[in-house]
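First the structure, in the form of structure tokens, and then the observations on it.
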Amino acid sequence: SITNNSSIVDIGSSGTSGTLAVIGNNVSQANLTTSKVINLGGTTGGATILANQTGTSPGLILNANWTATAGSSTNNKTVTLGGTNTAANTINGIIPNNNAGGLVSVTKIDPGTWVLAGANTYTGNTTISNGTLRVKANAAASTIIADASSLVFNTVNVYAGGTFEFVGQAGANNVESLGALTPTNGSGTIKLTPGSGGTASLIFASLGTVGGGG
């Protein structure tokens, strides 16, 4: 289980990436919810979180704002969200750039589902290779992903693909603004799910084109 003591979960060190894998069968929600701080501890080494809980297990819930304490303004790193659990594995906290100014990017892999619900400040790319990355609006002018972050569908072949879903609030006309939309191979999907009595819209700074695949 994940406890709510005061310790920090450091993932990554120097140029080495680290992985936090969540496993277990029929795990309770209480044992999958934490307010521990996730720290991106690598200079360029990234951090991977895999939600692989099975059975009736609900989604992992990470409530605290993240930190990124290592690296310089030229050190960039990637947060990779993966696993096979299709429940709403949710990050309610904020994912930032490096303290010194290096960029943090977020990549969604594997067939499971992850949800971003905090007002994130990272400005690297948001990349979807597989599964579903869901963004929950936090205001009419939603700020879950920074305007400077480009949305990239990056699949390994023309048969793979992932889904980016924007979920609105009840009774609100929600808009999320993003950087460039850059598709590659595969069948990437953008899904808009308005809240009851509301609307949901995405605005992209620019649109890319799909290259040939194989």
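Numbering (the numbering used here), first residue to last: 47 to 260.
Just so it is clear, CB atoms sit at the ideal spot from N, CA and C, and this is done for glycine as well.
Keep in mind that this is a model prediction, so the values were computed, not measured.
- Secondary structure at L108: strand, using DSSP grouped into helix, strand and coil.
- With 16 or more other Cβ atoms inside 10 Å of its own Cβ, N131 counts as buried.
- In the DSSP assignment, L66 falls within the unbroken beta strand (DSSP E) covering 64-68.
- Beta-bridge annotation (DSSP): D56 is paired with N85.
- Per DSSP, the beta-bridge partners of P229 are F199.
- Secondary structure at A76: helix, using DSSP grouped into helix, strand and coil.
- With 16 or more other Cβ atoms from the protein chains shown falling within 10 Å of its own Cβ, P229 counts as buried.
- In terms of CA proximity to L197, S175 leads the group Q215, S175, A218.
- Secondary structure of G177 (DSSP, three-state): strand.
- Residue environment: S195 is assigned as buried (16 or more neighbouring CB atoms within 10 Å of its CB, all protein chains considered).
- For G254 and N200, the gap between their C-alpha atoms comes out near 12 Å.
- C-alpha of A216 to C-alpha of A186: approximately 10 Å in a straight line.
- Following the DSSP letters along the chain, one finds S151 inside the beta strand (DSSP E) bounded by residues 150-154.
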